[in-house]
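Visitor:
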Amino acid sequence: MTGSRSETAWRILQSAIINGEFPPGAQLRFQELQEFCGMSVSPVREALTRLVAAGLVEVEHNRGYRVTKLVVSELDDLVRTRSRVEGWALEESIRLGDEHWEAALISSLHLLEHLPRRRENGANLHDEHWEARHSEFHDTLVSACGSPILLEFCRTLYSRADRYRRFSLSMETGSRDVAAEHRAILDAALARDADKAKGLLAAHYEATASFIRDHLSEE
1 MTGSRSETAW
11 RILQSAIING
21 EFPPGAQLRF
31 QELQEFCGMS
41 VSPVREALTR
51 LVAAGLVEVE
61 HNRGYRVTKL
71 VVSELDDLVR
81 TRSRVEGWAL
91 EESIRLGDEH
101 WEAALISSLH
111 LLEHLPRRRE
121 NGANLHDEHW
131 EARHSEFHDT
141 LVSACGSPIL
151 LEFCRTLYSR
161 ADRYRRFSLS
171 METGSRDVAA
181 EHRAILDAAL
191 ARDADKAKGL
201 LAAHYEATAS
211 FIRDHLSEE
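Oh and the sequence shown: position 53 is 53 in full-length UniProt numbering, straight run, nothing missing.
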């Protein structure tokens, strides 16, 4: 039972960090986290260990845990790494993917395009249904790569970068057409043009990064 509770605690805390409920740099105290998760200290401690390994939480000497800050150096590292790793996974998916992969890709984007990106009651608040389908679309892009390890690495990178992407929502001016970017990546993938698809994916990530670099610490 401890394992299932720690898994639940991990999901609760991961979501809270990515969504900004625990902002970058915030101290994480066990008593508050236990109350937040509705659990005892053991599963919360196990969840924190996983969050440290995922780079979402860091340990401060004699001060406990805190949410990892958002900094330009990590953002740039994530953009470079995602472009290379996910670009490779996308290339392999284009090479290996069959008609079932194509159908799943078309379906995932179709579902994504039929949801609002932001909540109606707050222009700068993300819509959780859109977020789930956005994750599904990016996951489907690389899902036919043929390597479970590579696919899991892509998912880890997505999760780690997601805090930055959601942070960028408050700074977007509306001039960017994210839906068109997704459509262009899909079209290139279906056309089996790996080089074009990889280039568009890298540009997609860089467009997000460009919105937030000036608002982050250089540390």
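The beta carbon of each residue, even a glycine, is placed where N, CA and C say it ideally should be.
#1: If you check the beta carbons only, do E102 and A194 fall under 8 Å apart?
#2: Taking buried to mean at least 16 other C-beta atoms within 10 Å of its own C-beta, is I149 buried or exposed?
#3: Whole angstroms is fine: what's the gap from R95's alpha carbon to L141's?
#4: Which runs of the beta strand (DSSP E) spanning at least 3 residues fall entirely within the UniProt domain "HTH gntR-type" (3–70), listed in chain order?
#5: Out of A144, H204 and D187, state which residue places its alpha-carbon closest to the alpha-carbon of W88.
#6: Within its chain, find whatever has a CB closer than 6 Å to the CB of R213; leave out the 5 residues flanking it on each side and keep chain order.
#7: Throw me the rounded Cβ distance for the F137 and S159 pair, which I believe falls under 8 Å.
#8: State buried or exposed for R133, treating a residue as buried only when at least 16 other CB atoms are found within 10 Å of its CB.
#9: Determine the DSSP secondary structure at H110, reduced to helix, strand or coil.
#10: If you draw a straight line from the C-alpha of F153 to the C-alpha of E32, how long is it?
#11: My understanding is that L78 touches L169, with C-beta atoms under 8 Å, so please give their C-beta distance in whole angstroms.
Guide: To lay it out plainly:
#1: Not a contact, by the Cβ cut-off of 8 Å.
#2: Result: exposed.
#3: Rounded to the nearest angstrom, the two C-alpha atoms are 12 Å apart.
#4: The UniProt domain "HTH gntR-type" (3–70) contains, as complete beta strand (DSSP E) runs of 3+ residues, the segments 57–60 and 64–67 (chain order).
#5: With distances taken between Cα atoms, W88 lies closest to A144.
#6: Cβ neighbours of R213 beyond the five flanking positions: V72.
#7: Contact doesn't hold; Cβ gap of about 15 Å is too wide.
#8: R133 should be labelled buried.
#9: If DSSP states are grouped into helix, strand and coil, H110 belongs with the helices.
#10: For F153 and E32, the distance between alpha carbons rounds to 31 Å.
#11: For L78 against L169, the beta-carbon gap comes to about 17 Å, at or over 8 Å, which does not count as contact.
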